[in-house]
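K.L.:
Residue numbers for the sequence shown follow the numbering used here, so the first one is 1 and each next one is one higher.
Backbone N, C-alpha and C fix where the C-beta goes; we use that ideal spot for every residue, glycine too.
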Amino acid sequence: MIRRLGAAVLAAVLTTLPASAAITIIPEKAAVVAATKADIPAAEELILHLELVTGCKMPLLAADQVADGAFVFAVGTAPAGAAPAAIGEAAWSVTPQKAYFYGDGAKGARNAVYDFLEDELDVRWLNRDGDIAYRSQNPLVINASSGRWQAAFRHFGIRSGKTWNVRQRMGAYHDPPKYGHAFTKLWQQYGATNPEFFALTRLGVRAPVAKPGQDPNDIAAFTGKAAEAIKICVSSTALYDHIIAQWQKTSKSRYVNICENDGNDGFCTCPGCTALDVNSEQPASNVFTRHYTDRYMHMANEIAKAAVAIRPDARVATYAYNEYETPPRRVKLLPAVTVGIVPTVFDVESSLQLL
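Written as structure tokens, this is what we have:
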């Protein structure tokens, strides 16, 4: 659904430059040009919103198709003399003949379009359902000659509402951490050859947690979600070495992903792992009250030391999630560890009392 807001309401909260600085654009005599294929989605978004505002759908043309004298909205093109864009930067500028939308790659140009629509044309994206508020005008009167937007974070977003997220300029801008359950294929690849990689479960075996009636020693029987949810032996130095070797061999990223697999059962009970816990004897009446953070952050520190010795700018990505969501009680994280917080314990007061 697309909604309109009254001009009087918007005028009460928005300011403009003096009228003498305004540039007037006749939509029927304007066209949109995308510099590259990657800039086409941003150009299409500009066309969509300009049609809402003006009632006129402008064509998307190649540069050599634009008629003489037509006003050009140039997406992905910087004006002559523009400084190179910084990481996460978006910029736009308007002259009497042309509007430029550019920045840090195609994403920068796209964000420049959204900044122009929001700050200059008063467009608002109200929710993830697609509601758009705007102020109608034809011709277009552009009061500001330029604008700039800079991403405040390297990566930010919300899982749902992809289109709305993009319009809010969310996303990854530079070298985002590599998150996601890191060991879902580990059992399939190394279950038969490297049992030391895996958690010694409460059933006394290094294997995925068996279903009722299933032989826990039948390695081949564990497939699918059960195998993907297997936990690692957090104190296994052999696993540490394997993780570092695989990172060196297969990844160009400076991030080493060690995010544990999903699920609330099958955590390691071996002496090495339990020795890393602060409260290894704490009853587990509620699975989320078990505190395994120290063991996982110990592992993160050890992996970080090894990675930084190889590549000084290396970082380790790990989760604060479920049983290892609350802060560690003994371990102090090294600067090279990046923690992705996955909130599942919503009783914050009770969680803090565990510290």
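Quick check: the Cα distance between GLU118 and ASN194, rounded to an integer number of angstroms?
P.N.:
Reading the sequence shown from its first residue, position 118 is the one you call residue 118. Reading the sequence shown from its first residue, position 194 is the one you call residue 194. Whole-angstrom Cα-Cα distance: 55 Å.
K.L.:
Three-state secondary structure (DSSP) at VAL53?
P.N.:
By 1-based counting over the sequence shown, the position of residue 53 is 53. VAL53 falls in the helix class under three-state DSSP.
K.L.:
Compare the Cα-Cα distances from HIS181 to each of ALA21, THR344, GLY340 and report the closest residue.
P.N.:
Counting from 1 along the sequence shown, the entry for residue 181 is found at position 181. Nearest C-alpha to HIS181: GLY340.
K.L.:
Which residue's Cα is closest to the Cα of VAL33: GLY161, MET58, GLN189, TYR173?
P.N.:
As a first step, residue 33 is located in the sequence shown; it is residue number 33 there, counting from the start. That would be MET58, whose Cα lies nearest to the Cα of VAL33.
K.L.:
Note down, one range per segment and in chain order, each beta strand (DSSP E) of at least 3 residues found wholly within the stretch 109-146.
P.N.:
132-134, 140-142
K.L.:
Use the C-beta contact count for ASP294: other C-beta atoms within 10 angstroms, 16 or more gives buried, fewer gives exposed.
P.N.:
Locating residue 294 in the sequence shown gives position 294, counting from the first residue. Its Cβ being crowded by 16 or more others within 10 Å, ASP294 is buried.
K.L.:
So for GLN168, helix, strand or coil by DSSP?
P.N.:
For this step, residue 168 is matched to residue 168 along the sequence shown. DSSP places GLN168 in coil when its eight states are reduced to three.
K.L.:
Opposite ILE232 in the DSSP bridges: which residues?
P.N.:
If you number the sequence shown from 1, residue 232 lands on position 232. ILE232 pairs with PHE198.
K.L.:
Tell me the residue span of the alpha helix (DSSP H) that contains TYR303.
P.N.:
On the sequence shown, position 303 is the one that residue 303 refers to. Tyr is not the amino acid found at residue 303; the sequence shown has Ile there. Run containing ILE303: 293-310, per the alpha helix (DSSP H) assignment.
K.L.:
Does the beta-carbon of PRO328 have 16 or more other beta-carbons within 10 angstroms, so that it is buried, or is it exposed?
P.N.:
Within the sequence shown, numbered from 1, the residue matching residue 328 stands at position 328. That one is buried.
K.L.:
Tell me whether the beta-carbon of SER236 lies closer than 8 Å to the beta-carbon of PHE197.
P.N.:
By 1-based counting over the sequence shown, the position of residue 236 is 236. By 1-based counting over the sequence shown, the position of residue 197 is 197. Result yes, Cβ atoms of SER236 and PHE197 sit closer than 8 Å.
K.L.:
So, do the stretch 124-134 and the stretch 98-106 have three or more beta carbon pairs nearer to each other than 8 Å?
P.N.:
no
K.L.:
In chain order, what residues of the same chain lie with their CB nearer than 7 Å to the CB of ALA78, ignoring the 5 residues before and after it?
P.N.:
Residue numbering aside, residue 78 sits at position 78 when the sequence shown is read from its first letter. Excluding sequence neighbours, ALA78 sits near TYR100, TYR102.
K.L.:
For the beta strand (DSSP E) holding LEU81, just list the boundary residues, first then last.
P.N.:
Your numbering for residue 81 matches position 81 in the sequence shown. The sequence as given places Gly at residue 81; Leu does not occur at that position. No beta strand (DSSP E) holds GLY81; DSSP gives it neither H nor E.
K.L.:
State the start and end residues of the unbroken beta strand (DSSP E) segment that holds GLY272.
P.N.:
By one-based count along the sequence shown, residue 272 stands at place 272. Looking at the DSSP string, GLY272 is not in any beta strand (DSSP E); the run it does join, the alpha helix (DSSP H), is 271-274.
K.L.:
Roughly how many angstroms separate the alpha carbons of LEU14 and TRP149, rounded to a whole number?
P.N.:
Position 14 of the sequence shown, counting from 1, holds the residue named residue 14. Position 149 of the sequence shown, counting from 1, holds the residue named residue 149. Its pLDDT being 41, under 50, LEU14 is placed unreliably in this model, and the value from its coordinates should be taken loosely. Cα to Cα, LEU14 sits roughly 17 Å from TRP149.
K.L.:
So the candidates are GLN246, ARG206, ASN264; which of them puts its Cα closest to the Cα of ILE258?
P.N.:
One-based indexing of the sequence shown puts residue 258 at position 258. Of GLN246, ARG206, ASN264, the residue nearest in Cα terms is GLN246.
K.L.:
Let me check one thing: in DSSP terms, what residues is LYS98 bridge-paired to?
P.N.:
Position 98 of the sequence shown, counted from the start, is the residue given in the question as residue 98. LYS98 pairs with VAL72.
K.L.:
Taking the alpha-carbon positions, what's the LEU334 to ALA306 distance?
P.N.:
The residue given as residue 334 occupies position 334 in the sequence shown. The residue given as residue 306 occupies position 306 in the sequence shown. Their backbone Cα atoms lie some 12 Å apart in a straight line.
K.L.:
Tell me which residue opens and which closes the alpha helix (DSSP H) that THR237 is part of.
P.N.:
Here the question's residue 237 lines up with position 237 in the sequence shown. Here the alpha helix (DSSP H) through THR237 covers 237-250.
K.L.:
Checking the sheet assignment: what are the DSSP bridge partners for GLU89?
P.N.:
Sequence index remark: in the sequence shown, residue 89 carries index 89 (1-based). Answer is GLN150, bridged to GLU89.
K.L.:
For a test of the three-state rule: what should DSSP assign to VAL342, helix, strand or coil?
P.N.:
The count along the sequence shown starts at 1 and reaches residue 342 at position 342. DSSP, read as helix, strand or coil, puts VAL342 in strand.
K.L.:
In whole angstroms, what is the alpha-carbon distance linking ASP122 and VAL316?
P.N.:
In the sequence shown, counting from the first residue as 1, residue 122 sits at position 122. In the sequence shown, counting from the first residue as 1, residue 316 sits at position 316. If you take the alpha carbons of ASP122 and VAL316, they lie about 42 Å apart.
K.L.:
I'd like to confirm the pairing. Which residues does DSSP put opposite ARG206 in its beta bridges?
P.N.:
Sequence index remark: in the sequence shown, residue 206 carries index 206 (1-based). Paired residue(s): LEU200.
K.L.:
Rank TYR134, ASN138, GLY147, GLY69 by C-alpha distance to the C-alpha of ALA82 and give the top, closest one.
P.N.:
Along the sequence shown, read from residue 1 onward, the residue named residue 82 stands at position 82. Of TYR134, ASN138, GLY147, GLY69, the residue nearest in Cα terms is GLY147.
K.L.:
Among SER145, ASP277, THR338, PRO139, which has the Cα closest to the Cα of GLU323?
P.N.:
Taking the sequence shown and counting its residues from 1, the one referred to as residue 323 is at position 323. With distances taken between Cα atoms, GLU323 lies closest to ASP277.
K.L.:
According to the Cβ coordinates, are VAL113 and GLU51 closer than 8 Å?
P.N.:
In the sequence shown, counting from the first residue as 1, residue 113 sits at position 113. In the sequence shown, counting from the first residue as 1, residue 51 sits at position 51. No, Cβ-Cβ distance for VAL113 and GLU51 is not below 8 Å.
K.L.:
Can you tell me whether DSSP reads ALA31 as helix, strand or coil?
P.N.:
The residue you call residue 31 lines up with position 31 of the sequence shown. Reduced to three states, the DSSP call for ALA31 is strand.
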